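Novice: The structure is given below, and queries will be raised subsequently.
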Amino acid sequence: MSGEGVPEIRSWRTRIVVWLLHRVFMLTRGMTLGVRAACFDAEGRIFLVRHTYVPGWYMPGGGVERGETVLDALRKELREEGNLEIRGEIALFHAYYNRNASRRDHVLFYRVTVEQTKPRAPDREIAESGFFTLDALPEETTAATLRRLRELKDEVKRADYW
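Start counting the sequence shown at 1; every next residue gets the next number (UniProt numbering).
If you want it as structure tokens, here you go:
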């Protein structure tokens with residue numbers, strides 16, 4: 001891993017999009033809860049996605065909807081964002097308070113082994129995706145993604161804030 005990462009919400013356009021999304025979530029959800037996962041393949045590479053609406057490369061994940069379990073949400077997001085199927089145990093790594101998104105947002109972070117059923121074609125949400133070795137991550141990997149990877153490797157203490 002190299003570099004400091006890309007600040008996730010740096011441009012005024014991105015800040016407006018995130019602000020608007022969270023206003024919608026405020027009306028539709030009492031508290032926002034998200035799931036995200038470090039998805040490793042059999043070769044030890046990590047799967048990352050680049051969205052169309054925010055800069056940088058992220059681990060896949062998304063919001064938990066009403067009436068949905070967190071594990072159902074995790075499986076759904078991994079299928080939607082990468083055509084990924086979980087193989088083996090699902091390990092909850094940590095729970096984070098995401099105060100950068102809003103004062104009501106929490107993220108459950110998992111570590112999983114996955115298999116990609118077919119390549120993920122770009123669309124309106126996902127611009128690019130792929131598996132990367134930990135020593136050759138995309139240049140615009142987000143700072144939060146880099147921190148989570150350092151935590152997974154026990155290089156730094158687990159933070160309580162995303």
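Glycine residues also receive a C-beta, built at the ideal position from the N, C-alpha and C atoms.
As the structure is a prediction and not an experimental result, all values here were calculated from the model.
Can you tell me whether DSSP reads Leu71 as helix, strand or coil?
Specialist: For this step, residue 71 is matched to residue 71 along the sequence shown. Looking at Leu71 - three-state DSSP - the assignment turns out to be helix.
Novice: Any heavy atom of the ligand NAD within a distance shorter than 8 Å of the CB on Lys118?
Specialist: This structure simply doesn't include the ligand NAD, nor any ligand for that matter.
Novice: Go to Glu151, then tell me how far its beta strand (DSSP E) extends in each direction, as first and last residue.
Specialist: Here residue 151 refers to the residue found at position 151 when the sequence shown is read from its first residue. Counting along the chain, Glu151 falls outside any beta strand (DSSP E), though it belongs to the alpha helix (DSSP H) covering Ala143 to Leu152.
Novice: Between Glu125 and His22, is the Cβ-Cβ spacing less than 9 Å?
Specialist: As a position in the sequence shown, residue 125 is number 125, starting the count at 1. As a position in the sequence shown, residue 22 is number 22, starting the count at 1. No, these two residues do not count as a Cβ contact at 9 Å.
Novice: Tell me the residue span of the beta strand (DSSP E) that contains Gly56.
Specialist: The residue you call residue 56 lines up with position 56 of the sequence shown. That residue, Gly56, is in no beta strand (DSSP E); it is neither H nor E in DSSP.
Novice: Per DSSP, what are the beta-bridge partners of Asp105 in this structure?
Specialist: Counting from one through the sequence shown, the residue named residue 105 turns up at place 105. In DSSP, Asp105 forms a bridge with Thr32.
Novice: When we look at the beta-carbon of Tyr110 and count the other beta-carbons within 10 Å, is it buried (16 or more) or exposed?
Specialist: Numbered from 1 along the sequence shown, position 110 holds the residue referred to as residue 110. It is buried - the Cβ of Tyr110 has at least 16 other Cβ atoms within 10 Å.
Novice: Taking DSSP as the reference, what is the three-state secondary structure of Gly88?
Specialist: Against the sequence shown, residue 88 aligns to sequence position 88. Note: Gly88 maps to strand in three-state DSSP.
Novice: Let me know the secondary structure DSSP gives Gly63 once reduced to three states.
Specialist: Position 63 of the sequence shown holds residue 63. Gly63 falls in the strand class under three-state DSSP.
Novice: Residues in its own chain within less than 6 Å of Phe25 by CB, not counting five upstream and five downstream?
Specialist: The count along the sequence shown starts at 1 and reaches residue 25 at position 25. If we look at Phe25 and ignore the five residues flanking it on each side, its Cβ neighbours are Thr32.
Novice: Going by DSSP in three states, Glu155 sits in which element: helix, strand or coil?
Specialist: For the purposes of this step, residue 155 is taken as the residue at position 155 of the sequence shown. Three-state DSSP puts Glu155 in coil, outside helix and strand.
Novice: Would you call Leu78 buried or exposed, if buried means 16 or more other Cβ atoms sit within 10 Å of its Cβ?
Specialist: Here residue 78 corresponds to residue number 78 of the sequence shown, with the count starting at 1. With 16 or more other Cβ atoms within 10 Å, it is buried.
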